[in-house]
Amino acid sequence: MNVPHAAPGDLEFTRVFDAPRELVFACMIQPEHLTHFWGPHGTSAPVDRIHVDPRPGGRFETVMVNDADGSEYPTRATYVEVVEPERLVWEEAHTAMTVTATFIDLDGARTEVRIHQTNVPEAMRSSEAQAGFLTSLDRFAAYLDQLHDGSTP
Amino acid sequence: MTEERLDAAFTALADPTRRAIIARLAQGDATVNELAAPFEMSLPGISKHLKVLERCGLISRSRQAQFRPCHLESAELDAAIEWIEEHRRVWAERFDRLDEHLRNIQESPVEKEDT
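These protein sequence lines are chains A and B, in that order. With our numbering as the guide, the letters of the first sequence map in order to residues 1 to 153. With our numbering as the guide, the letters of the second sequence map in order to residues 1001 to 1115.
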């Protein structure tokens, strides 16, 4: 697994988009864009309920609505860092989860987006836990999947 | 799985020896001696790790059998792994939709306004 920039304890997601960096960055901070993709499969994120104030201390609030039963998952976060069009950092209020999105310019008007997510349960903030449990556990999960599939590495 | 229980499971899994023990048990039940074999560690040392895993419910040990083989409680482990995969899944799906959105707005902005 290629995770050169993942600090211990981070969960990392990387995706390359076929679009220029300014546009991809705009998509992450403008409600009229966010509404098209922020809700994962089976949910929607109504545009009138997305509030974005992209500056340090500004709010980043969304509501994901379950398409099937209408149940709502509001998320309240605060921006910690906004460096257009390179970097966004926000912290979620109720989970204390910090998300860092890094936008990297690639050849041919493509953009790599890296998401670093730290969501460390209280009990994990010990010295033992600093050894990189989530990154390790992430790999461990993949390893166990292989065991379940019967293809022991 | 409760939050407290999840915390305990992650604490237990933060240790590489305990992860190795779990990986071994994923292939089948094993006694303490069998589990100790690949490690340069005393039986009491291994037993200590087993107690941590047992306390958080990731493994169980037979009360009847003579050598008290250890058994992986897959449901507990799955719950811990599910927590991680849930976050991964949200971002994967979100990025799938962003990819589609970027295609739409770049391909035909004019046509999109018309329809």
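We put the beta carbon where it would ideally sit given N, CA and C, even for glycine. Source: prediction; values computed, not measured.
Judged by pairs of C-beta atoms under 8 Å, the stretch 101 to 121 of chain A touches the stretch 9 to 23 of chain A, as three or more such pairs exist.
Leucine 1058(B) carries a coil assignment under DSSP once its states are collapsed to helix, strand and coil. No Cβ of chain A is located within less than 8 Å of the beta carbon of valine 1052(B).
Listed along the chain, the chain B residues whose CB falls inside 8 Å of the CB of proline 54(A) amount to none; the nearest CB is some 17 Å away. Within the stretch 3 to 76 of chain A, complete alpha helix (DSSP H) segments of at least 4 residues are found at 21 to 29 and 31 to 37, given in chain order.
According to the DSSP assignment, threonine 111(A) belongs to the beta strand (DSSP E) that extends over 110 to 118. Counting only the Cα atoms, glutamine 117(A) lies some 40 Å from arginine 1068(B). Listed along the chain, the chain B residues whose CB falls inside 9 Å of the CB of valine 24(A) are Leu1098 and Leu1102. By the 16-neighbour rule on beta-carbons within 10 angstroms, tyrosine 73(A) is exposed. Among the CB atoms of chain A, one or more fall inside 8 Å of the CB of histidine 1087(B). When DSSP states are grouped into helix, strand and coil, phenylalanine 103(A) belongs to the strand group. Under the three-pair Cβ rule at 8 Å, the stretch 1038 to 1045 of chain B does not count as touching the stretch 1002 to 1012 of chain B. Against chain B, a Cβ distance below 9 Å from leucine 106(A) picks out nothing, because the smallest value is about 14 Å.
Bridge pairing for glutamate 1107(B): absent [DSSP]. Close CB contacts of alanine 1036(B) within its chain, under the 7 Å cut and outside five residues either way in sequence, are with Leu1043 and Ile1046 (chain order). Leucine 1053(B) is a Cβ neighbour of alanine 1012(B), given a cutoff of 8 Å. Put simply, the CB of glutamine 1106(B) is near chain A, with a gap under 8 Å to one of its CB atoms. Checking the DSSP bridge columns, you'll see tryptophan 90(A) partnered with Tyr79(A) and Val99(A). The beta carbon of threonine 43(A) is closer than 7 Å to those of Met64, Val65, Asn66 and Asp67 in its chain, skipping five residues each way along the sequence. Just measuring C-alpha positions, the residue of Val99(A), Glu86(A), His94(A) and Pro40(A) sitting nearest valine 1090(B) is Pro40(A). Around threonine 78(A), the same chain offers Gly57, Gly58, Arg59, Phe60, Trp90, Glu91 and Ala93 as residues with beta carbons nearer than 8 Å, after the five sequence neighbours per side are excluded. Comparing alpha-carbon positions, the option among His1049(B), Arg1024(B), Glu1034(B) and Cys1056(B) lying closest to alanine 1080(B) turns out to be Cys1056(B).
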